[in-house]
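In what follows, a structure is listed as structure tokens, so that the remarks can point back to it.
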Amino acid sequence: MSEIDDSPPGRSSPRPTLRSDVWLKTVAAFIAILLLAPQPNWLPLIADVKAGLAAQASGDMARAADALANAYARQPWNAAFAFDVGRAELAAGQYEAALRDLTTTARLGGWTPELRVLAGDAYNALGDRANALSQWETAARDLPGDVNLSRRLAEGYEAAGKFPEAVDALRVVAAAAPGEAEIQFRLGQLLAVVDPRAAVDPLEKAARIDSSFTPRTTALVAAIQQAETQNDEAYLSASVGLVFIQAGQYDLAEAAFSRAIRFNLTYPDAYAYLGLAQDKLGKDGGAALQEAVRLAPDSALAHSFLGLHYRRTGQANEALSELTRASELDPNNPALAAEIAGAHEALADFEKARQWYEEAIHLAPADPRYKVLLAQFYVENEIDLAGAGFTAALNALNAAPDSAAAHDALGFDYVLRKDFASGEKHLLKAIELDPNLASAHYHLGVLRAAQNDMTAGESEYRRALELDPEGRYGNLALKALALLKSQ
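Numbering-wise, the sequence shown is residues 13 to 499 according to the working numbering.
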């Protein structure tokens, strides 16, 4: 186990609280020490301790930490003082200082399980999950079955993707708190990727305890029970993984599809979905996706996911090749047509992009999303804004009057044609419908800058950058902000 680092990185976390009875016992201990070893500074020392207690009683943990730090400074050899300073700092959210003083406590008086738990809390608050788990695991050897410590371990293991270990910790918590629906649900979800057959019982318990969990448990239980009839472990885990993909829980999906592959090394769909989950997690799913294509060269799914991977990584030519092959295998898929259009757009082949967006609309005329994509294509590339582009934007809005993206496209079309009043109306409506639509904030920033309201323009650009820091509109906003500063 690594020793505690005195200067870990920072990050906020829920703050622990201190019990009044603990503080009263601490004060009593301090007074006993003073009576046994009187010294000239005992009155200021008592005053510091009382000030710390009063601050804690009022909920001002920062002031409590300061007062106790003053007390500790008068007796720097006293491990008990150092411990209470560290504990108060932890409660006040002063995590680096807490870790320093908890380390000092260990140096003065040795490590205890309680001290390790608090040190783990400080590490966890600072984002150092590895050292947090190391401290909690060491404490657990002396505190077997401790429920509060098991809760910490379960959260830490789950966040680290150590699902078997998280299951073991959650079982301790679930046994001690059988009526907590959230614990049963979490245990069931994690068991679904570790031991799917064992997941049904806690999932059903969660739904019985709290019916609000029923929608989230139904699909997973049904997938497990249906797949069990096939007597195929790989298929069972893949079925579980697909439920997690649909729920957007890509970390659990990754674990489920990895388990499927361990049972069947030649399962192309499992590799395809594994790669998709890894891409969604910000990892590189390319190797898994290429294996899926190798195993199933005639799989539209495998080619389409690999094409999407190449689009995410900016490899437009490779994306076009894979998506075209997928479309040949699944010619009636409008989503593939739209992705092919996007690949052509990335290569600045605007005529082919237009044709493929229109093909997507042709394949799914009742789906307004493809009309919105065509409108965005015209506007973002500033193509025929007063003609086909304007018509496409109107068509998109007519098809989806409550679509923030449709209002955004039409609004920006107006802005680019210098009809600022109409543009403002639609952009504000887009933001009303979806306050987190980065493109609308960026486009409104362009409008405000064109109106010479640079302060409002800068505010909208910063909001777009905040919402889409690594994406198209974040990059455009960053350039716009740089341009504003140079003026």
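Virtual Cβ for every residue (Gly too), placed ideally from N, Cα, C.
Nearest to residue i (by Cα), restricted to the options the options
i	options	result
I273	Q261, L286, L422	L286
V384	P343, N407, A331, E394	N407
P346	A358, E334, E371, E363	E371
T7	G483, L120, N487, L165	Nothing about residue 7 can be read from this structure; the chain reaches only from 13 to 499.
K430	H419, A461, P447, S223	A461
L248	Q290, P309, A404, L203	L203
Y426	K437, A417, A416	K437
G469	T230, A492, Y485	A492
G253	E266, D244, N243, R366	E266
V312	R323, A417, P343	The sequence shown places Ala at residue 312, not Val. Answer by Cα proximity: P343.
A178	L161, L318, A193, G486	L161
T403	Q463, L127, Q388	Q388
T336	A314, G326, R324, T325	A314
N448	L477, S333, A100	L477
L386	S471, I373, A378	I373
T124	S333, R228, A152, F197	A152
A284	D296, L318, L264	L318
A405	G139, R475, L439	L439
A144	L120, Y169, D154, D158	Y169
L199	E192, A188, P214	P214
F175	E194, D154, D207, A142	D207
L307	L288, T325, A282	A282
Q290	T278, E472, F275, F256	F256
I454	I236, D133, E194, D420	The question names Ile, but residue 454 is Tyr in the sequence shown. Of I236, D133, E194, D420, the residue nearest in Cα terms is D420.
A189	A219, R163, T117	R163
L232	S251, S224, D244, R220	S251
A338	Q463, L320, R474, A235	L320
I221	E245, D244, A239, G191	G191
D414	N393, D446, G399	D446
G260	S146, L288, G122, G486	L288
A328	H356, L301, E340, T116	H356
T278	A219, R209, V305	V305
L495	A365, L102, E482, M466	M466
P377	A411, K364, R366	A411
Q237	G157, L428, A210, A365	A210
8 Å contact criterion, which residue i and residue j should meet: CB distance rounded
i	j	result
L459	F432	6 Å
K292	Y262	4 Å
A452	I443	5 Å
Q201	A186	Contact doesn't hold; Cβ gap of about 12 Å is too wide.
W368	A353	3 Å
V212	A268	That belief does not hold up - the Cβ atoms of V212 and A268 are roughly 15 Å apart, past 8 Å.
L120	G98	Actually they are not in contact, since the Cβ atoms of L120 and G98 sit about 11 Å apart, beyond 8 Å.
L397	L409	That pair is no contact at about 15 Å.
R324	E351	The Cβ separation is near 11 Å, so there is no contact.
E108	L138	7 Å
Helix, strand or coil at residue i according to DSSP, with G and I counted as helix
i	result
S311	coil
E482	coil
D446	coil
E240	helix
E334	helix
L496	helix
N410	helix
I43	Bear in mind that the predicted position of I43 carries a pLDDT of just 49, short of 50, making it unreliable; the figure below should be weighed with that in mind. Residue state, collapsed to three classes: helix.
N276	coil
R323	helix
I58	Its pLDDT being 49, under 50, I58 is placed unreliably in this model, and the coordinates cannot settle the point.
R429	coil
L293	coil
N329	helix
N464	coil
S415	coil
A219	helix
D420	helix
G105	coil
G260	coil
D281	helix
D207	coil
Closer than 8 Å to chain B by CB, residue i
i	result
A289	Protein chains in the displayed structure number just one, and chain B is not present.
beta-carbon residue i near the ligand ZN non-hydrogen atom, thresh 7 Å
i	result
Q327	Absence of the ligand ZN from the depicted structure is noted, as is the absence of any ligand whatsoever, leaving it without description.
Report task. Return the chain-ordered ranges of every alpha helix (DSSP H) run that is complete within the segment 114-194 and spans a minimum of 4 residues. Result -> 125-137, 141-154, 159-171, 175-188
Within the segment 338-400, ranges of the alpha helix (DSSP H) (whole runs, at least 4 residues)
346-358, 362-375, 380-392
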